[in-house]
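>
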Amino acid sequence: MIPSNYPERTGKHFIRYCNRQTPQSGDISIAGAILQHTGNILELSQERLSAEAHLSGASISRFIRRCGFESFQSFKNQFERFLSQRSLRRSKHFLAAYHDQSDMDVGRQLYDDAVQNLKATMDDLPLPLLEQTARMMCQSHTVYLVGDGRDLYCFYSLQLDLLCSGRAAYFYNVDEVSKHTMPPMDSRTLVLLLSVNPFWYHEEIASLCDAARKARACTVLFTQGSPSEDVKANFCCRYGRPGSVNDGYYSLYFLAQLLSVLFYRAQ
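Take the position in the sequence shown, starting the count at 1, then add 6; the result is the number in the working numbering.
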C-alpha cells in the first residue's frame, strides 16, 4: 500500500490484512483480539492486547508495523476514526435513501439500482474494446487481474478460464501495490485494472500503469466514470453509471462473464 493517513484507506487495509490470516498464524490471534474491541478501541492497551492474544508485546508491535502503522497508538487513532466516520456516513446514507420505506420497498429499490447499472452498461457496451481485450488475452503469456477484494471476486471465473487455457493468470490486490513491489512484467503481459470508483486507489493504479508502460506491458482500465488524470492506461473500458459505486459490481461481474465467452471464441 502506498503510505496514507486517510482513515478509510488505512482502516480497510487493516481489515483486509486480518481477513487474509490463516488459523495457524500468530497474527490471527492478535487480529481476533483487536476485533473484539471495535467498540472501545481507544481504551485498549498494548498490555491487555498482549495478554488476550497470548503473545508478547514485541509480537504486537511487529503486527502493527506489518499492517502499515508506525505505532500502536497511531493504529488505534486511525482505526477509531475509520470506524466512527464510516458508521456515520452509512447511517446518513441509509436515512436519506430508505427513510419511511418498508423492507419490501428497500428490496425493490436495491434491485432497481442493480438493474439500472446493468442497463447502463449494456446500453453503451464497448464491445469492440472487449473483443480486443479477449484477443490480447489470447496473445499474452501473463495476465494480471488487479483490484480490491470485491473487484477480484467478480473475475475469479475468468482467472480460472485463463489458467485452464495455459495462461499465467494472477490476482494482484491493489491494496498491496507500492512503487517497490511491482509484479514482473514484459511485452507479453496484459494488466486488467478493475475499479468501480475512479478515486479509489488511483495512486496505486497510476504507479502500476507507469511501471507497465516502462516494461512494454499493456493495461486495460475498467472504471465507472472518467479515470483520474494521473492514470495513463493504454485502454479504458467505461461501464455502469458514474457515481453509483457499489452497484458497479453487478456490471463488473457481467463484464467478466462476457470476457470469458469472448476469450474462448477468440482462441
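Built from N, CA and C at the ideal position, the CB exists for glycine as well.
Given the structure is predicted, the values throughout are model-derived calculations rather than measurements.
#1: Which class does Ala-272 belong to by DSSP, given the choice of helix, strand or coil?
#2: So, using beta-carbon positions, are Gln-151 and Leu-94 closer together than 9 Å?
#3: Name the two residues that bound the continuous beta strand (DSSP E) containing Val-197.
#4: Going along the chain, which residues of its own chain have a beta-carbon closer than 8 Å to the beta-carbon of Ser-108, five neighbours each way excluded?
#5: What number of angstroms, rounded off, separates the C-alpha of Leu-61 from the C-alpha of Ala-39?
#6: Could you check where the beta strand (DSSP E) with Leu-151 kicks off and where it finishes?
#7: So, is Lys-82 buried or exposed, given that buried needs 16 or more other C-beta atoms within 10 angstroms?
#8: Compare the Cα-Cα distances from Arg-247 to each of Glu-49, Leu-131, Tyr-270 and report the closest residue.
#9: Counting C-beta neighbours from all protein chains within 10 Å, is the total for Gln-145 16 or more, i.e. buried, or is it exposed?
#10: Quick check on the burial criterion: 16 or more other C-beta atoms within 10 angstroms. Buried or exposed for Asp-106?
#11: Quick one, are the C-beta atoms of Val-304 and Met-191 less than 9 Å apart?
#12: Would you kindly check if the distance between the Cβ of Gly-45 and the Cβ of Glu-53 is under 9 Å?
#13: What residues match up with Thr-225 in a beta bridge as DSSP calls it?
#14: Under the rule that 16 or more other beta-carbon atoms within 10 Å means buried, what is Cys-170, buried or exposed?
#15: Would you tell me roughly how many angstroms separate the C-alpha atoms of Ala-223 and Cys-215, rounded to the nearest one?
#16: For Gly-172, count neighbouring C-beta atoms within 10 Å of its own C-beta (all shown protein chains included) and say buried if the count is 16 or more, exposed if not.
#17: Would the stretch 201-210 count as touching the stretch 244-259 if we require 3 or more Cβ pairs under 8 Å?
#18: Use the C-beta contact count for Thr-28: other C-beta atoms within 10 angstroms, 16 or more gives buried, fewer gives exposed.
#19: Which whole-angstrom value is the C-beta distance of Glu-76 and Ile-47, which I expect to be below 8 Å?
#20: Comparing alpha-carbon positions, which option in Ile-21, Met-143, Ala-126, Gln-91 lies nearest Arg-194?
From the atom records:
#1: Residue state, collapsed to three classes: helix.
#2: This sequence places Leu at residue 151; Gln is not what is there. Not in contact: Leu-151 and Leu-94 (Cβ atoms no closer than 9 Å).
#3: Its beta strand (DSSP E) spans residues 195-200.
#4: Within the same chain, Ser-108 has no close Cβ partners at all.
#5: C-alpha of Leu-61 to C-alpha of Ala-39: approximately 11 Å in a straight line.
#6: Membership of Leu-151 in the beta strand (DSSP E) is indicated by the continuous run 148-153.
#7: Under the 10 Å beta carbon count, Lys-82 is surrounded by 16 or more other beta carbons and is classified as buried.
#8: For the residues Glu-49, Leu-131, Tyr-270, the minimum Cα distance to Arg-247 belongs to Leu-131.
#9: Classification of Gln-145: exposed, given that the 10 Å Cβ count is below 16.
#10: That one is exposed.
#11: The chain is shown from 7 up to 273; residue 304 falls before or after that span and cannot be answered.
#12: Result no, Cβ atoms of Glu-53 and Gly-45 do not sit closer than 9 Å.
#13: Thr-225 is bridged to Val-197.
#14: It counts as exposed.
#15: Straight-line spacing of the CA atoms in Ala-223 and Cys-215 works out to 9 Å.
#16: It counts as exposed.
#17: Output reads yes: the stretch 244-259 touches the stretch 201-210.
#18: With fewer than 16 other Cβ atoms from the protein chains shown falling within 10 Å of its own Cβ, Thr-28 counts as exposed.
#19: Between the beta-carbon of Glu-76 and that of Ile-47 there is about 17 Å, and that puts the pair past the 8 Å contact cut.
#20: Closest by alpha carbon: Met-143.
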